[in-house]
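Colleague: Please see the structure below; I have some questions.
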Amino acid sequence: MTRIMAVVKRSLKRYCCLCLQKWCFILIPTSLRLFTMTSNRPIVKVAAVQAAPVSFDLDKSLQKLSKLTEEAAAAGADLVVFPEAFLSAYPWRYSFDATIGAREPRGRKWFAKYFDSAVEVPSPAFDRLSETARANNVLLQVGIIEKAGGTLYCTALLLDREGKVVYKHRKLIPTAVERLVWGRGSGDGLQVLQTDVGKVGSLICWENYMPAARMALYQQGIEIYLAPHADDLPSWVASMQHIAKEGRCFVVSVNSVCKVSDFPADYPPFTVEDPDRRPDGEQWQADDIVNHGGSCIVGPLGTFLAEPVWDKETIIYADLRMADLIESKLDFDPVGSYSRPDVFSLTVNTKPGTSVAFTN
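Note that the sequence shown covers residues 1 to 360 in the UniProt record's numbering.
Next up, the structure:
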């Protein structure tokens, strides 16, 4: 009976009930959501999921993602955002045993494990993601390691309430050693698209330090700017406030909190045999925190709607008052009243990146 009631509850969640008379009701799909309104603009509830995957284990990471999405949806979230590389690992502190001029067999084996835990679009793993969005009636953005051919990409994937792809943005430039294991994205992923909660777009981690990439999103009228990342420095938080104020948009900054125990027991950097050590020079322990989080949500004037949270897994929430977007532009619009297109110009190549073009 409990299982039957759960199915009924999930099904009814997809509809809201409008009473016309005492015994007359209409079920309206909640994809046509009747938002809380303020000055004819909706209030959107967003959830930033600060959690770690079960690194290098796609199945268990998908299970965890499903559970956390269900929790956020039960709290009323319209948009649920997961960190960079949540499916299925950000390979902390590991260079895959590569040095200039040399690669080792162990590193190749770990790359193969990483590849196996990545997500192909489409695939059965993608179908599970799609079902999670659909079953919980939320917009869902997940940081995935995407495999295409023999290459991995760090990708932000946004799904709508029906589980369909809104956009797939591949990180334009991986940072430092990331470049060994991740390919480079192309300009076709620099998209801001209309959803039922507003105009949404995303940049991943240090892409957010690229002024031209930000301007490309501003020009498309971004309203909800999603910034999944793996940077737990306090300076990152200041950057999120700057971007929100610069772009006059809401910024959802979401990072993981992960421990040594979130990785396989034989993951090289954390084994006794490996020379890698904690910042204090001591051997890594299972409960040591590798990434400290700091997820936050910022309004279009640079003020916190949800302040940074450190060193614990949690879901942070904020209500986005969409009327704030226009109010914030009284004195500044980076691509309008406070721009000089006669002095500055930016060209964005939105063609998909391909190595080979076949013609007749």
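Yeah, the Cβ is synthetic: ideal placement off N, Cα and C, and Gly gets one too.
(1) For Lys45, name the three-state secondary structure that DSSP assigns.
(2) What is the C-beta distance between Gly294 and Asn349, in whole angstroms, given that I count them as a contact (C-beta under 8 Å)?
(3) Measure the Cβ-Cβ separation of Leu87 and Val44 and say whether it is below 8 Å.
(4) Flag this pair as yes or no: are the beta carbons of Leu129 and Gln141 separated by less than 8 Å?
(5) Measure the beta-carbon distance from Val197 to Leu79 and round it to whole angstroms, keeping in mind my assumption that it falls under 8 Å.
(6) Could you check whether the Cβ of Val192 sits closer than 8 Å to any Cβ belonging to chain D?
(7) Out of curiosity, what's the CA-to-CA distance linking Glu70 and Lys329?
(8) Indicate the three-state DSSP secondary structure (helix, strand or coil) for Gln141 in the structure shown.
(9) Pull the bridge partners of Phe86 from the DSSP assignment, please.
(10) Would you report the Cα separation of His169 and Gln283, rounded to the nearest angstrom?
(11) Between Ala227 and Ser261, which are expected to be in contact by the criterion C-beta below 8 Å, what is the C-beta distance as a whole number of angstroms?
(12) Would you call Asn208 buried or exposed, if buried means 16 or more other Cβ atoms sit within 10 Å of its Cβ?
(13) If you follow the alpha helix (DSSP H) that Leu152 is part of, which residue opens it and which one closes it?
(14) Hey, Ala286 and Lys259 are a contact pair by Cβ (cut 8 Å); roughly how many whole angstroms apart?
(15) Is it a yes or a no for the segment 200-216 touching the segment 229-246, going by three-plus beta-carbon pairs under 8 Å?
(16) Do the segment 264-273 and the segment 237-251 touch if we need at least three Cβ pairs shorter than 8 Å?
(17) Would you kindly work out how many angstroms separate the C-alpha atoms of Pro300 and Thr99, rounded to a whole number?
(18) Is Tyr167 helix, strand or coil by DSSP?
(19) Can you give me the Cβ contacts of His106 inside the same chain, cut-off strictly under 8 Å, excluding the 5 residues immediately before and after it?
(20) Taking the alpha carbon of Lys113 as the point to measure from, which residue in Lys147, Ala48, Gly353, Pro42 has its own alpha carbon closest?
(21) Using CA atoms only, rank isn't needed, just tell me which of Arg278, Glu223, Val298, Arg108 is closest to Asp333.
(22) Between Phe82, Val309, Phe126, which lies nearest to Val143 when the distance is taken from Cα to Cα?
(23) Out of Ser66, Ala216, Thr175, which one is the CA nearest neighbour of Gly163?
(24) Using the rule of at least 16 other Cβ atoms within 10 Å of the residue's Cβ for burial, across every protein chain shown, is Leu180 buried or exposed?
(25) Starting from the N-terminal side, write out each stretch of the alpha helix (DSSP H) that is 4 residues or longer and does not extend beyond the segment 164-215.
Modeller: According to the data block:
(1) In this structure, Lys45 counts as strand in the three-state DSSP scheme.
(2) About 33 Å separates the two Cβ atoms, so there is no contact after all.
(3) At a Cβ-Cβ threshold of 8 Å, Leu87 and Val44 do not count as neighbours.
(4) No. Outside cutoff.
(5) Going by Cβ atoms, the distance from Val197 to Leu79 rounds to 5 Å, so yes, they are a contact pair.
(6) The structure shown contains no chain D, having only a single protein chain.
(7) Whole-angstrom Cα-Cα distance: 35 Å.
(8) Looking at Gln141 - three-state DSSP - the assignment turns out to be strand.
(9) Answer is none; Phe86 lacks a bridge partner.
(10) For His169 and Gln283, the distance between alpha carbons rounds to 37 Å.
(11) Actually they are not in contact, since the Cβ atoms of Ala227 and Ser261 sit about 27 Å apart, beyond 8 Å.
(12) Its Cβ being crowded by 16 or more others within 10 Å, Asn208 is buried.
(13) Leu152 -> not in any alpha helix (DSSP H); beta strand (DSSP E) instead, spanning 151-159.
(14) Between the beta-carbon of Ala286 and that of Lys259 there is about 7 Å, and that keeps the pair under the 8 Å contact cut.
(15) The segment 200-216, when compared against the segment 229-246, does touch it at the 8 Å Cβ threshold.
(16) No: the two stretches stay apart, fewer than three of their Cβ pairs being nearer than 8 Å.
(17) About 43 Å.
(18) It is a strand residue.
(19) Reading off the sequence shown, one finds Arg at residue 106, where the question assumed His. The residues are Asp97, Pro268.
(20) Across the set Lys147, Ala48, Gly353, Pro42, the C-alpha of Lys147 shows the shortest separation from the C-alpha of Lys113.
(21) Closest in alpha carbon position to Asp333, among Arg278, Glu223, Val298, Arg108, is Glu223.
(22) Residue identity check: residue 143 is Gly in the sequence provided, not Val. Of the residues Phe82, Val309, Phe126, the one whose Cα lies closest to the Cα of Gly143 is Phe82.
(23) Residue Ser66 is the option with its Cα nearest to Gly163.
(24) Answer is exposed; the Cβ neighbour count stays below 16.
(25) Entirely contained in the segment 164-215, the alpha helix (DSSP H) runs reaching 4 residues are, in chain order, 178-181.
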